[in-house]
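Novice: Residue numbers (my numbering): 248 to 617.
Don't be surprised by glycine CBs; every beta carbon is placed ideally from N, CA and C.
Only a predicted model underlies this, so the values are computations on that prediction, with no experimental measurement involved.
(1) Run the CB neighbour count on residue 410, radius 10 Å, all protein chains shown included, and call it buried at 16 or more, exposed below.
(2) What are the start and end residues of each continuous beta strand (DSSP E) run of 3 or more residues lying completely inside the region 424-465, in chain order?
(3) Can you tell which of 519, 569, 320 and 434 has its C-alpha closest to the C-alpha of residue 613?
(4) When we look at the beta-carbon of residue 573 and count the other beta-carbons within 10 Å, is it buried (16 or more) or exposed?
(5) Assuming residue 412 contacts residue 387 under a Cβ cut-off of 8 Å, what Cβ separation, rounded to an integer in Å, is found between them?
(6) With 16 other CB atoms within 10 Å as the buried threshold, where does residue 560 fall?
(7) With a cut-off of 8 Å on the beta carbons, I'd call residue 443 and residue 468 a contact; round off their distance for me.
(8) Would you please state the rounded distance, in angstroms, between the beta carbons of residue 591 and residue 535? I believe it to be under 8 Å.
(9) Based on Cα-Cα distance, which residue from 292, 318, 280 and 328 lies nearest to residue 441?
(10) For the structure I just gave you, are there three or more beta carbon pairs, one from the region 373-380 and one from the region 452-466, closer than 8 Å?
(11) Ordered along the chain, which non-local residues of its own chain (more than five positions away) have a Cβ less than 7 Å from that of residue 349?
(12) My parser needs the beta strand (DSSP E) runs of 3 or more residues fully inside the region 463-509; what are they?
(13) Which residues mark the beginning and the end of the beta strand (DSSP E) in which residue 326 is found?
(14) Do you know offhand how far residue 449's Cα is from residue 263's?
(15) Starting from the C-beta of residue 272, find all residues in its chain whose C-beta is less than 6 Å away, skip the five residues before and the five after it, and write them out in chain order.
(16) Using a Cβ distance threshold of 8 Å, determine whether the region 573-583 contacts the region 413-424, with at least three qualifying pairs required.
(17) Answer with buried or exposed for residue 283, where buried requires no fewer than 16 other C-beta atoms within 10 angstroms of its C-beta.
(18) To the nearest angstrom, how far is it from the Cα of residue 430 to the Cα of residue 418?
(19) Grab the span of the beta strand (DSSP E) containing residue 355 for me, first residue to last.
(20) If you check the beta carbons only, do residue 356 and residue 439 fall under 9 Å apart?
(21) Just verifying my parser: in three-state terms, what is the DSSP assignment at residue 589?
(22) Would the region 473-488 and the region 536-554 be scored as touching if the rule is three or more Cβ pairs under 8 Å?
(23) According to DSSP, is residue 420 helix, strand or coil?
(24) When the Cα of residue 515 is compared with those of 526, 352 and 286, which residue comes out closest?
(25) Only counting runs of 3 or more residues, tell me where the beta strand (DSSP E) segments fall wholly within the region 541-606, in order along the chain.
(26) Under the rule that 16 or more other beta-carbon atoms within 10 Å means buried, what is residue 597, buried or exposed?
(27) Tell me the residue span of the alpha helix (DSSP H) that contains residue 399.
(28) Starting from residue 322 and walking both ways along the alpha helix (DSSP H), at which residues does that stretch end?
(29) Between the Cα of residue 270 and the Cα atoms of 291, 582, 285 and 595, which residue gives the shortest distance?
(30) Could you give the first and the last residue of the continuous beta strand (DSSP E) run that contains residue 387?
(31) Could you give the DSSP three-state label for residue 373: helix, strand or coil?
(32) On a Cα-Cα basis, can you pick out the residue from 298, 463 and 257 that is closest to residue 285?
(33) Is it right to say residue 548 is buried, meaning 16 or more other beta carbons lie within 10 angstroms of its own, or is it exposed?
(34) At the 9 Å Cβ level, is residue 281 part of the contact set with chain D, yes or no?
Here you go:
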């Protein structure tokens, strides 16, 4: 059955609720969508007929008909995501339920857009072959890009570590090497989207996602939707931290550790480092948390979100260390007792990158504008 591409806003709203809360009884869908019970019954029947939903039969041991709550049909569609550093590219595949089915990391040479796309195509072809999947079941390939957009997501102003991604029509260049439609977001927005579909965003509709990559950026989820801004750059908190001064970015951490005698070129080199046994790391975390606390306090007061999520390319234990330090005295503390948002470490950790990239096609095709 071909992947449906023409869902109505009401169908998207219902599908989103079932995605986030399923398995869920039909009677419970109506209040969450503000649609009538009759409309929900009709829409769920149509979505089931189109192969997007399936009933889960629950037997309670009592007499009578078993309960039949609805859930997303996992094998109705698949999606691939691409997330890369200067050294390697991570490619993953998820199904329509969001389950991460495949993940592969491939080394990069020069790191050109063509090389990244070709590596992604190799991995995706392998995923499909191993699972016996037709490429027509792939909703698309999402790329999480390290930089900010110049021309309506066509051209990228990349982080200085990625100069080869500057200038060209990047989406078209990537598309030339892929067998499925390409979707692009900056890496912060992409990770925020991954968190929206499969992390803390399953229960929180309004949050700011602070993304610690080679640079420092942010993604914004408002009302359960990814807010891109006019040019796709909403959430650029990095402008608060001048490049010629210490800043709470991955690149700044690498430079700090190297000056202290620790070999650190990329995020994989941080996996075994602990602040308890690495004083330079502890010092950097304290300084970065202080900077982020000030910057995120302003951001939180402007946006008034339910939560601020700390995520990005750093290992999960370091994201937790940062979140704990930010969520202390001084965060949103003006002394007048205003409510303040929670500060949470990303539930997906560094996997938010590849999962968020893979979520892009599913979000656009099935959930956006719900």
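Specialist: This is what the structure gives:
(1) Reading the chain shown from its first residue, position 163 is the one you call residue 410. With fewer than 16 other Cβ atoms within 10 Å, it is exposed.
(2) Taking only runs of at least 3 residues, the beta strand (DSSP E) segments lying wholly in the region 424-465 are 429-433 and 454-459.
(3) For the purposes of this step, residue 613 is taken as the residue at position 366 of the chain shown. For the residues 519, 569, 320 and 434, the minimum Cα distance to residue 613 belongs to 320.
(4) In the chain shown, the residue the question calls residue 573 occupies position 326. It is buried - the Cβ of residue 573 has at least 16 other Cβ atoms within 10 Å.
(5) Counted from its first residue, the chain shown places residue 412 at position 165. Counted from its first residue, the chain shown places residue 387 at position 140. Actually they do not touch by this definition, with Cβ atoms about 20 Å apart.
(6) Here residue 560 refers to the residue found at position 313 of the chain shown. The residue is buried, with at least 16 neighbouring Cβ atoms inside 10 Å.
(7) By 1-based counting over the chain shown, the position of residue 443 is 196. By 1-based counting over the chain shown, the position of residue 468 is 221. Their Cβ separation, rounded to whole angstroms, is 5 Å, which keeps residue 443 and residue 468 in contact under 8 Å.
(8) Translated into positions along the chain shown, residue 591 becomes position 344. Translated into positions along the chain shown, residue 535 becomes position 288. With 8 Å as the limit, residue 591 and residue 535 do not qualify as a contact, their Cβ atoms being about 17 Å apart.
(9) The residue labelled residue 441 in the question sits at position 194 within the chain shown. Selected option, being the one with the closest Cα: 328.
(10) Result no; under three Cβ-Cβ pairs closer than 8 Å.
(11) As a working mapping, residue 349 is identified with position 102 in the chain shown. Result list for residue 349: 339, 340 and 374, in chain order.
(12) As summarised for the region 463-509, the continuous beta strand (DSSP E) elements at least 3 residues long and confined to that stretch are 463-469, given in chain order.
(13) Here the question's residue 326 lines up with position 79 in the chain shown. For residue 326, the enclosing beta strand (DSSP E) starts and ends at 325-331.
(14) Locating residue 449 in the chain shown gives position 202, counting from the first residue. Locating residue 263 in the chain shown gives position 16, counting from the first residue. CA-to-CA, the gap between residue 449 and residue 263 works out to about 10 Å.
(15) Stepping through the chain shown from its first residue, residue 272 is reached at position 25. For residue 272, where only same-chain residues beyond five positions count, the Cβ hits under 6 Å are 316.
(16) They do not touch, by the three-pair rule.
(17) Counting from 1 along the chain shown, the entry for residue 283 is found at position 36. Its Cβ having fewer than 16 others within 10 Å, residue 283 is exposed.
(18) Residue mapping note: residue 430 aligns to position 183 of the chain shown, counting from 1. Residue mapping note: residue 418 aligns to position 171 of the chain shown, counting from 1. Spanning the alpha carbons of residue 430 and residue 418 requires a straight line of approximately 7 Å.
(19) Position 108 of the chain shown holds residue 355. Residue 355 -> no beta strand (DSSP E), and no H or E assigned at all.
(20) As a working mapping, residue 356 is identified with position 109 in the chain shown. As a working mapping, residue 439 is identified with position 192 in the chain shown. The answer is no: Cβ separation not under 9 Å.
(21) Your numbering for residue 589 matches position 342 in the chain shown. Strand, per DSSP.
(22) At 8 Å Cβ cutoff, the stretches touch.
(23) Your numbering for residue 420 matches position 173 in the chain shown. It is helical.
(24) In the chain shown, counting from the first residue as 1, residue 515 sits at position 268. Nearest C-alpha to residue 515: 352.
(25) Those beta strand (DSSP E) runs which fall completely within the region 541-606 and span 3+ residues are 554-559 and 589-592.
(26) Locating residue 597 in the chain shown gives position 350, where the first residue counts as 1. Buried.
(27) What you label residue 399 is simply residue 152 of the chain shown in a count that begins at 1. Element bounds for residue 399: n/a, residue is neither H nor E.
(28) Translated into the one-based positions of the chain shown, residue 322 becomes position 75. Taken as a continuous stretch (DSSP letters only), residue 322 belongs to no alpha helix (DSSP H), as it is neither H nor E.
(29) On the chain shown, residue 270 is found 23 positions in, with the first residue counted as 1. For the residues 291, 582, 285 and 595, the minimum Cα distance to residue 270 belongs to 291.
(30) In the chain shown, residue 387 corresponds to position 140, counting from 1. Per DSSP, residue 387 belongs to the beta strand (DSSP E) from 385-392.
(31) By one-based count along the chain shown, residue 373 stands at place 126. Residue state, collapsed to three classes: helix.
(32) As a working mapping, residue 285 is identified with position 38 in the chain shown. Looking from the CA of residue 285, the closest CA among 298, 463 and 257 belongs to 257.
(33) For the purposes of this step, residue 548 is taken as residue 301 along the chain shown, with counting starting at 1. Looking at its Cβ environment, which holds fewer than 16 other Cβ atoms inside 10 Å, residue 548 is exposed.
(34) Absent here is chain D; the protein component of the structure consists of one chain.
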